[in-house]
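Participant: To start, I am sharing the structure in question, which I have written as structure tokens.
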Amino acid sequence: MGLHKGVNKYFDDAKLEAGVSESRSENPWQWRWPNTADFNFNYYKLLEDSKNSAIARNTNPNLRIAIIGAGVAGLTAARELFRCGYTKIDIFEASDRIGGRTYSIPVEGQKTVLEMGAMRMPFFDTPGSCNSIIDYYTTRFGITTQNFPDPGSSVADTGIFINNGYGPDLDCPYPQPHLDIWHKEAKEPPSPKYVAVYQKWSNFANMVTEVAKKKYNTPHWKDFWHAVVNNYWEYNFRELVVLKAIKTYHPCRKGFFGGLGMNEEEAELFYTIGAGDGSWGAFYDISCLYPIRTLLFGFGSNHQLIQGKFNPEGEFSPGSEYQNLLQDNLGNPLASPQYLGVQSFAECLFFEPVVSNLVDRISLYQATQTEKYDINIYTRNPVRNIEYLQSSDRLKIISKSLECEYEAAILTPPTWASQLSFNFSEFDFKTQLPFQVLNSFKNSHWITSCKVFFPLKQRYWEVSNIPQIISTDTYLQGVYGYSLDTSERDAGVLLVSYTWEDDANKFIAESDDGAFARQCLQELDEILERCKNINRPISPFVDTDKPAVIHWSRKPNYRGCAKLYREMTWNEDYALLRYNQNFSDRSHLYFAGEAFSVEGGWTEPAFRSALDSAIHLIKNTGGEFNGDFNYSQYPQYDNWKPISKS
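Numbering follows the working numbering, with no gaps: position 625 of the sequence shown is 607.
Given below as structure tokens:
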């Protein structure tokens, strides 16, 4: 829950301290702090420098490329390669829609959407920072944002329901069930028990960020980060939570910051109230490097709700092909873009015209409809096999409907979906597709997630005493209400239950129909009516006839919501991170998407890995980079490995 308040305040206060400023790299090709820990390359500058041309020029007009997956990663790679003059591209999509795990369902009568996948975005640190790819595309496409109502943030009041409403202190329970309210104006949560948890997380987070921001973009960064990894890669998050805390960082023990120092009771509270964007207890059994990489390096701060395409006056301003009848290159119907919510990024990438001096000012979709370009999208057409043809040094891709040969293929599906959906054949396991890479595909940890939504009839948080956000230790876990702050006065939507991992696994046996959604709504009603300081249900504000439920683990094209990792998996993770760098020139395969990152569950890594795949494809096929960039300026992963303490 909003324990990121302390971290954000630290960022703001640090800028005002005498003699201390944000790290500024002398290398313009590096991001500013806060940003990713492992691979620092300023893709924003690459895109901005080429916004009226392209990042490179294709020198081989006969080159044919396959892109597997029409999510954000696949469409980003396709768009940027098309701008570079790669005009023979086939996009294979197993489902009947584009967007992947950016999945926004419109609500009749309003512009606020049900965000069934990604729903809040970090901009490193705020929109307009020019410090992320999502910030670039937001500006480029005219996509607007507003502050997301994270639990405990200054955006919304947060209710906390613990121990059937009797509060966090069972030695001194409330006399009657009660919903604790963390008001958005308050700097700390409303109970001494919560405050203790809040301070222990904040002390650890502030200690790490104070040191990290001074070393970021300096010659000392890589050694410092490797020291952090050596100290923590064998711990899971649960172990970090209870690991003894230290008061101050000592450089003589480089990269070690102790733990959060919580006792068992505090760890149970932390399970529910979390560390920045809701409950984190479901993540206790993953590597603690994941929350360190994300919560402390810019992913957990100042989240934005993506509105869609709106003009500065807040009026809806849809783009190309809006409400048109569309079809793919197999004749299948293709949904017209809605330009609302997170899915608007995928829609803009595919349907909005490109700007380039190498191709016409048309969109990828328009290119699929003209004979001048050999651009195709095939939906409902899963890939079954990818074969390396040694005789021609090409790839043969066999899908449900087609069999074609290509000089290169970019893979974006989740690793489990790839493992169970198609085969790799005739690849050399030493020089093209090593066993360690395939084992990482098989052994990746994909977490489950379930969302249960309803449209609202009225913004309950504005007309009642029910807080906008509620964190619970019940099976509902997180409850969110949100609505767009645009010229239209939407009623908004209610995410009545947001769960991850074990908390979401409890729901796998439940159907996606309205019965389960109404059960969740009834549970929330009973909680609120039980609490004497609320004493009213939320359902009168809800359109109970239009629920929406998604279980990401039950979707065969995904088989999970986000790729995370256990402790001691650095080498397996890096086998995927290094693949484009080390093997793509011989295999002609390129990996892109959140599935191949170490910051799973976020959209930004999907953008970054898509551009990484495009850069390596351009380099490997003899393309010529434009402007000030050349491949020698692109960072390289080294072969460093952590040392086990055991």
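For each residue, glycine too, the CB sits at the ideal point set by N, CA and C.
1) In three-state terms, what does DSSP make of F143?
2) Are the beta-carbon atoms belonging to S400 and F423 less than 9 Å from one another?
3) Is it true that the CB of M98 sits closer than 9 Å to the CB of F130?
4) If I follow the unbroken beta strand (DSSP E) through F421, where does it start and stop?
5) Excluding the five sequence neighbours on either side, which residues of its own chain have a C-beta within less than 8 Å of the C-beta of P364, listed in chain order?
6) Count the other C-beta atoms from every protein chain shown that fall within 10 angstroms of the C-beta of C654, then say buried if there are 16 or more, exposed otherwise.
7) For E248, which beta-bridge partners are listed by DSSP?
8) Quick check on A0: buried or exposed, where buried means 16 or more other Cβ atoms within 10 Å of its Cβ?
9) May I ask you to report which of helix, strand or coil DSSP gives M189?
10) Taking K634 as the reference, give the member of S326, D356, S569 and F327 with the closest Cα.
11) What does A48 pair with, by DSSP beta-bridge criteria?
12) Could you name the residues of the same chain whose beta carbon sits closer than 7 Å to that of L271, not counting the 5 residues immediately before and after it, in chain order?
13) Our contact map puts I429 next to G605 with C-beta atoms below 8 Å; I'd like the distance itself, whole angstroms only.
14) Which stretch, first to last residue, makes up the alpha helix (DSSP H) that contains S400?
15) Does L152 come out as helix, strand or coil in the three-state DSSP assignment?
16) I'd like the ranges of any alpha helix (DSSP H) spanning at least 4 consecutive residues and lying wholly in the region 426 to 479.
17) By Cβ distance below 8 Å, which residues in the same chain neighbour N145 in space, the five residues on each side in sequence not counted?
18) In or out: F409 buried (at least 16 other Cβ within 10 Å) or exposed?
19) Let me check understanding here. Comparing Cα to Cα, which of P617, A194, T551 and P449 lies closest to I520?
20) In whole angstroms, what is the alpha-carbon distance linking F298 and K439?
21) Do A390 and R46 have their C-beta atoms within less than 9 Å of each other?
22) Which runs of the beta strand (DSSP E) at least 3 residues long sit entirely within the region 527 to 587? Give them in chain order.
23) Output the distance between the C-alpha atoms of V336 and I625, rounded to the nearest integer angstrom.
24) What does DSSP give as the partner residue(s) for Q128 in the beta ladder?
25) Among all the DSSP beta bridges, which residues are the ones paired with L277?
26) Roughly how many angstroms lie between the CA atoms of Q351 and E508, to the nearest whole one?
27) If you follow the beta strand (DSSP E) that E369 is part of, which residue opens it and which one closes it?
28) Do L316 and Q414 have their beta-carbon atoms positioned less than 9 Å apart in this structure?
29) Which residues in the same chain as W633 place their Cβ atom closer than 7 Å to its Cβ, once the five residues preceding and following it in sequence are excluded?
30) Look up A38 in the DSSP assignment and say whether it is helix, strand or coil.
31) Does the beta-carbon of F607, which I'm using as the reference point, lie nearer than 8 Å to any heavy atom of the ligand SAM?
32) Short check: CB of G323 to CB of I288, under 9 Å?
33) Which one or two residues does DSSP pair with N311 in a beta bridge?
34) How about G463 and W482: do their beta carbons lie closer than 9 Å?
35) Taking DSSP as the reference, what is the three-state secondary structure of S374?
36) Which same chain residues, not among the five before or five after E329, have their C-beta less than 8 Å away from its C-beta?
Facilitator: By the coordinates alone:
1) The residue given as residue 143 occupies position 161 in the sequence shown. Here DSSP, grouped into helix, strand and coil, assigns F143 to strand.
2) Stepping through the sequence shown from its first residue, residue 400 is reached at position 418. Stepping through the sequence shown from its first residue, residue 423 is reached at position 441. In this structure, S400 lies near F423, with their beta-carbon atoms less than 9 Å apart.
3) Taking the first residue of the sequence shown as 1, we reach residue 130 at position 148. Taking the first residue of the sequence shown as 1, we reach residue 98 at position 116. In this structure, M98 does not lie closer than 9 Å to F130 by Cβ.
4) As a position in the sequence shown, residue 421 is number 439, starting the count at 1. Checking the sequence shown, residue 421 turns out to be Asn, not Phe. Here N421 belongs to no beta strand (DSSP E); instead the alpha helix (DSSP H) covers F417 to N425.
5) The count along the sequence shown starts at 1 and reaches residue 364 at position 382. Here the set comprises F74, A76, S381, K382, S403, F404 and N539.
6) Nothing about residue 654 can be reported from this structure: the residues present for the chain run from -17 to 628 only.
7) Working through the sequence shown from its first residue, we reach residue 248 at position 266. Answer is none; E248 lacks a bridge partner.
8) To locate residue 0, count along the sequence shown from 1; it is residue 18. Bear in mind that a pLDDT of 30 at A0, under 50, signals an unreliable position, so the number given afterwards is only what the model happens to contain. When all chains shown are included, A0 counts as exposed.
9) Along the sequence shown, one-based indexing puts residue 189 at 207. Correct three-state label for M189: helix.
10) With the chain covering -17 to 628 only, the question about residue 634 has no answer from this structure.
11) One-based indexing of the sequence shown puts residue 48 at position 66. A48 pairs with D72 and A391.
12) Looking up residue 271 in the sequence shown gives position 289. V211, Y214 and W215.
13) Sequence index remark: in the sequence shown, residue 429 carries index 447 (1-based). Sequence index remark: in the sequence shown, residue 605 carries index 623 (1-based). Not confirmed; about 37 Å, so no contact.
14) Translated into the one-based positions of the sequence shown, residue 400 becomes position 418. Per DSSP, the continuous alpha helix (DSSP H) segment holding S400 begins and ends at T397 to S403.
15) Counting from one through the sequence shown, the residue named residue 152 turns up at place 170. In the structure shown, L152 sits in coil (DSSP, three-state: anything other than H, G, I, E or B).
16) 442 to 445
17) Residue mapping note: residue 145 aligns to position 163 of the sequence shown, counting from 1. Result list for N145: L152, P155 and D455, in chain order.
18) As a first step, residue 409 is located in the sequence shown; it is residue number 427 there, counting from the start. Buried is the call here.
19) If you number the sequence shown from 1, residue 520 lands on position 538. It is P449.
20) In the sequence shown, residue 298 corresponds to position 316, counting from 1. In the sequence shown, residue 439 corresponds to position 457, counting from 1. About 21 Å.
21) Looking up residue 390 in the sequence shown gives position 408. Looking up residue 46 in the sequence shown gives position 64. Taking 9 Å as the Cβ cut-off, A390 and R46 qualify as a contacting pair.
22) 530 to 533, 544 to 546 and 571 to 573
23) Within the sequence shown, the letter at position 354 stands for residue 336. Within the sequence shown, the letter at position 643 stands for residue 625. Roughly 47 Å separates the two Cα atoms.
24) Residue mapping note: residue 128 aligns to position 146 of the sequence shown, counting from 1. For Q128, which the question treats as bridged, DSSP gives the partners L287.
25) In the sequence shown, the residue the question calls residue 277 occupies position 295. Looking at the DSSP assignment, L277 forms no beta bridge with any residue, so it has no partner.
26) Looking up residue 351 in the sequence shown gives position 369. Looking up residue 508 in the sequence shown gives position 526. Rounded to the nearest whole angstrom, the CA to CA distance from Q351 to E508 is 54 Å.
27) Numbered from its first residue, the sequence shown carries residue 369 at position 387. Its beta strand (DSSP E) spans residues V365 to L371.
28) Position 432 of the sequence shown, counting from 1, holds the residue named residue 414. Position 334 of the sequence shown, counting from 1, holds the residue named residue 316. No, these two residues do not count as a Cβ contact at 9 Å.
29) The requested residue 633 is not part of the displayed model; the chain covers only -17 to 628.
30) Residue numbering aside, residue 38 sits at position 56 when the sequence shown is read from its first letter. It is a strand residue.
31) Because no ligand of any kind appears in the structure shown, any question about the ligand SAM cannot be addressed here.
32) As a position in the sequence shown, residue 323 is number 341, starting the count at 1. As a position in the sequence shown, residue 288 is number 306, starting the count at 1. Yes; because the gap between Cβ atoms is below 9 Å, this pair is in contact.
33) Residue 311 sits at position 329 when you count from the first residue of the sequence shown. According to DSSP, which records beta bridges pairwise, N311 is partnered with nothing at all.
34) One-based indexing of the sequence shown puts residue 463 at position 481. One-based indexing of the sequence shown puts residue 482 at position 500. It is not a contact, given that the beta carbons lie outside the stated cut-off.
35) Within the sequence shown, numbered from 1, the residue matching residue 374 stands at position 392. In the three-state reduction of the DSSP assignment, S374 falls in the coil class, being assigned neither a helical nor a strand state.
36) On the sequence shown, residue 329 is found 347 positions in, with the first residue counted as 1. For E329, where only same-chain residues beyond five positions count, the Cβ hits under 8 Å are I80, G81, G301, P319, Q320 and Y321.
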